Amino acid sequence: FSSADVKERWLSALLWHINEAKQNECLKNLTLQILVLDADNCSSTTTVNVSNVETAESVMKKTLLQLGLPGRTSEHHLWVISGKDDPAYPLIGHEHPFSIALNCLRDSADHQQGINNNTLLADGTEASFLDQLPKEKQCQFVLKPRLQAPMQLRRESLQKLTKRKKSLIDWALRRSTSTPTGSPPSQSPTTPRKLFGLSLSSVCPDGILPKPIMDMLLLLYHEGPSTRGIFRRSANAKTCKELKEKLNSGDDVQVDGESVFVAAAVITDFLRNIPDSVLSSDMHGLWMEAVDTENRAHKIEAIKSLVNQLPEANLILLRHLFGVLHHIEQNSGVNQMNAFNLALCIAPNMLWLPSPTGPEEESRSTKKVALLVQFLIENSGEIFGGDIASLF
326 FSSADVKERW LSALLWHINE AKQNECLKNL TLQILVLDAD NCSSTTTVNV SNVETAESVM
386 KKTLLQLGLP GRTSEHHLWV ISGKDDPAYP LIGHEHPFSI ALNCLRDSAD HQQGINNNTL
446 LADGTEASFL DQLPKEKQCQ FVLKPRLQAP MQLRRESLQK LTKRKKSLID WALRRSTSTP
506 TGSPPSQSPT TPRKLFGLSL SSVCPDGILP KPIMDMLLLL YHEGPSTRGI FRRSANAKTC
566 KELKEKLNSG DDVQVDGESV FVAAAVITDF LRNIPDSVLS SDMHGLWMEA VDTENRAHKI
626 EAIKSLVNQL PEANLILLRH LFGVLHHIEQ NSGVNQMNAF NLALCIAPNM LWLPSPTGPE
686 EESRSTKKVA LLVQFLIENS GEIFGGDIAS LF
């Protein structure tokens, strides 16, 4: 996210839509069986009625109260055995056990003749259908105590950590006061950024894309079309961070040895950090008007006109980017990323509202920007020129 405020607005919009969807669900309550383990691994089973809005945290609290068990929810963990081949996994607390259980039921229903969502959501059907599932296919919830380190061990660890922090601070102070006058200063944490967060005009001198950006686009052009879930699947966060830091420090980086997923993630991050967005936030209203144009030919002309109003550096990046995206979309039968899927992944990083608004308007804008990006991908030859493929 470009700022904490943008992050909060996205969170508000997502929570609003989740709440709206849950209000419209046909089924709003479900009875779950929960296996309860104590510190001595003695087990018991209880049934808890949960709603579609209750989180794992509230379900744990309800279970503990129902059983009269001492302790707080922070001292327990709710685990899930999904009924698939996946291993059991702990819930953090924000998840909805209702949705997890219902998803398990739907997965099982997909394999049974004559069962569909309408049948599954009929009153009482879900409970009877759950009982009919083989044990190994049922979604199971397990409540057990968290492993607690002895208090003395935690206290000693804290003391060691505090002592180490103090020694590091003392060392830093001694080092700073004893630095010879003639020694060159170490690099400041506020060293100017070389790539991310700068205007495109400053990083694209003479209308030429930075070499690492061009190298990553080239990698995506050649490997993206044959890579399933490109731009949708996550990359290794640590690798992405390290690569971004190298690029920002001005280091000479060989991108051709990187994962194509890392290249996709870093390109997306680069777009997200362009001031005022690559499509220009000041033109947001004009883009939205163009998207609403019904006649296809008129829509293309309106969008081409807006594209030509962008700064030269923005246009150069867009031509290369949509050359890549169109090439990937042309091979969607292999990579399962059509124009719609690609737009959902990349659109939020290409255009945003010029000023903060409420979650509803933010959501409407996000949907329309995705439609715009989808249209740009599908008609990139007409909008950016048929020679965009020759850029690579």
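Position 240 of the sequence shown, counted from 1, bears residue number 565 in this note's numbering, the numbering being contiguous throughout.
Virtual Cβ for every residue (Gly too), placed ideally from N, Cα, C.
In this text the structure is predicted, and so the values were computed from the model without any measurement.
Note the first and the last residue of the continuous alpha helix (DSSP H) segment covering residue i.
i      : result
Val603 : Unbroken run through Val603: none, as it is neither H nor E.
Trp335 : 329-348
Gln729 : Since the first residue shown for the chain is 326 and the last is 717, residue 729 is missing from the structure and cannot be characterised.
Thr564 : 562-573
Ser688 : 684-703
If you draw a straight line from the alpha carbon of residue i to that of residue j, how long is it in whole angstroms?
i      : j      : result
Phe709 : Leu635 : 12 angstroms
Leu678 : Asn598 : 14 angstroms
Lys693 : Met613 : 7 angstroms
Arg431 : Leu646 : 38 angstroms
Leu340 : Phe521 : 30 angstroms
Leu352 : Leu701 : 39 angstroms
Ser376 : Phe595 : 41 angstroms
Val578 : Val585 : 15 angstroms
Val405 : Ile533 : 52 angstroms
Ala668 : Asn656 : 15 angstroms
Pro681 : Pro673 : 15 angstroms
Cys367 : Ala329 : 45 angstroms
Gln573 : Cys529 : The sequence as given places Asn at residue 573; Gln does not occur at that position. Approximately 15 angstroms between the Cα atoms of the pair.
Less than 8 angstroms between the C-beta atoms of residue i and residue j, yes or no?
i      : j      : result
Pro415 : Leu357 : no
Arg471 : His401 : yes
Leu468 : Leu403 : yes
Arg558 : Gln661 : no
Ile359 : Val373 : yes
My guess is that residue i and residue j are in contact by the Cβ rule of under 8 angstroms, so how many angstroms apart are they, rounded?
i      : j      : result
Thr380 : His419 : 6 angstroms
Met541 : Ala588 : 4 angstroms
Thr593 : Ile671 : 6 angstroms
Leu355 : Leu427 : 7 angstroms
Gly648 : Ile713 : 4 angstroms
Val603 : Met675 : 5 angstroms
Glu654 : Ala338 : About 27 angstroms separates the two Cβ atoms, so there is no contact after all.
Are the C-beta atoms of residue i and some chain C residue less than 8 angstroms apart?
i      : result
Asn573 : Among the chains of the structure shown, chain C does not appear; only one protein chain is present.
Just checking residue i against the ligand FMN - is the residue's beta carbon closer than 7 angstroms to any of the ligand's heavy atoms?
i      : result
Lys569 : Annotation note on the ligand FMN: not contained in the displayed structure, which lists no ligands.
Taking the beta strand (DSSP E) that residue i falls in, what are its first and last residues?
i      : result
Trp404 : 401-406
Gln781 : The question about residue 781 has no answer here: the residues shown for the chain are numbered 326 through 717.
Val728 : Because the chain spans 326 through 717 in this model, residue 728 falls outside it and cannot be assessed.
Val361 : 354-362
- prompt: Residue ranges of each alpha helix (DSSP H) run of no fewer than 4 residues wholly in the region 410-434, ordered along the chain?
  reply: 422-434
- request: Report the residue ranges of all alpha helix (DSSP H) runs contained in full by the region 521-551; include only those spanning at least 4 residues, in chain order.
  value: 525-528, 536-548
query: Which runs of the beta strand (DSSP E), 3 residues or longer, sit entirely within the region 592-674?
result: none
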